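Step one of this worksheet: look at the structure below.
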Amino acid sequence: MNLNQKFNDALMALISIDEENDEVCLIDGSKLSENSIELKCTHKFNYLSILNEINIQRKHNHLETQKISHYQIKCPYCRTVHNGILPYNETLFSEKINGVNWPPSKVLKTKKCQSIMKSGKRKGEECSKSCIGQYCSRHTKLQLKWSTNQLCNTILKNGAKKGEKCDCKCKKNSDKCGRHILKKSIKTNIIYSI
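For the sequence shown, the numbering used here assigns the number 223 to the initial residue and increments by one for each residue that follows.
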């Protein structure tokens, strides 16, 4: 085997190893945890590893030729500059470091909202707004609203939806909507004193 063929074989072996290790942090080589961060350049890192790296980037380095602003970060792997900072994660790192993981308004939004539009000209399509988690801020609020509101589950006895659940919002301190709350006669227990 000549030298070029050996080099190509070694290169192909490295490429196949890289394809198998897609779920590895590119900073410390450990397996990616569930709260890993994926930057817009598609490189993935564990939260604490990238947090420590960005903390180091914040300190002034005279050898660095490319200056970044206060709310920008550099990918430690490809050195691409991203506008935004890491999201604040209280469970992993409780300290709020300005320009690294705080304020929340400057967070790097790398994911797309997965909520499906229910009405309008985009009905049936995904929202696709940039977000931090699974849903954008608007759909997160809607998810919280719908999870706290209970729906009346009385089965309708007549009408167009006969045999289906009512699905109207319940009244406060009740498990039924205004239409299905039983209107009980008010009986008072009064003890007469002499």
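Idealized CB from N, CA, C, for every residue including glycine. Owing to the predicted nature of the structure, the values given are computational and were not obtained by experimental measurement.
Check I338 in the structure and name its three-state DSSP category.
The answer is strand: DSSP assigns I338 an E or B state.
Taking only three categories from DSSP, how would you classify S271?
Helix.
Figure out for me which residue from Y357, I377 and I290 has the closest Cα to the Cα of V303.
Checked all of Y357, I377 and I290; the closest Cα to V303 is I290.
With distances taken Cα to Cα, identify the nearest neighbour of E317 among F267, D397, K228 and L273.
For the residues F267, D397, K228 and L273, the minimum Cα distance to E317 belongs to L273.
Taking 8 Å as the threshold (C-beta atoms), are L330 and L314 in contact?
The answer is no: Cβ separation not under 8 Å.
Verify whether the separation of the beta carbon atoms of L373 and C392 is less than 8 Å.
Cβ distance < 8 Å, so L373 and C392 count as in contact.
Look at the alpha carbon of S271 and the alpha carbon of Q356, and state the distance between them as a whole number of angstroms.
Each residue's CA atom was taken as its position, placing S271 and Q356 some 22 Å apart.
Bounding residues of the beta strand (DSSP E) (the contiguous stretch that carries Q294)
Per DSSP, Q294 belongs to the beta strand (DSSP E) from Q294 to K296.
Buried or exposed: where does S337 fall if 16 or more other Cβ atoms within 10 Å of its Cβ makes it buried?
Flag for S337 reads buried.
Take L378 as the anchor and find which of S359, R401, C297 and K394 has the nearest alpha-carbon.
Among S359, R401, C297 and K394, the Cα nearest to that of L378 is on R401.
Go to N418, then tell me how far its beta strand (DSSP E) extends in each direction, as first and last residue.
Coverage of the chain is limited to positions 223 through 416, which leaves residue 418 absent and any answer about it impossible.
Considering only the alpha carbon of each residue, which of C247, K281 and I354 lies closest to P326?
Per the Cα distances, I354.
Which residues in the same chain have their Cβ closer than 8 Å to the Cβ of T376, if we skip the five residues on either side of it in sequence?
Within its own chain, the residues whose Cβ lies closer than 8 Å to the Cβ of T376, once the five positions on either side in sequence are excluded, are K387, C388, K398, C399 and H402, listed in chain order.
Should C263 go down as buried or exposed, given a rule of 16 or more other Cβ atoms within 10 Å for buried?
The residue in question, C263, is exposed, as its Cβ has fewer than 16 Cβ neighbours within 10 Å.
Beta-carbon spacing of K334, S352 below 8 Å:
Yes, these two residues count as a Cβ contact at 8 Å.
According to DSSP, is K363 part of a helix, a strand, or is it coil?
Collapsing the DSSP output to three states places K363 in a helix.
Give me the Cα-Cα distance between G342 and T332, rounded to the nearest whole angstrom.
Cα-Cα distance, rounded: 26 Å.
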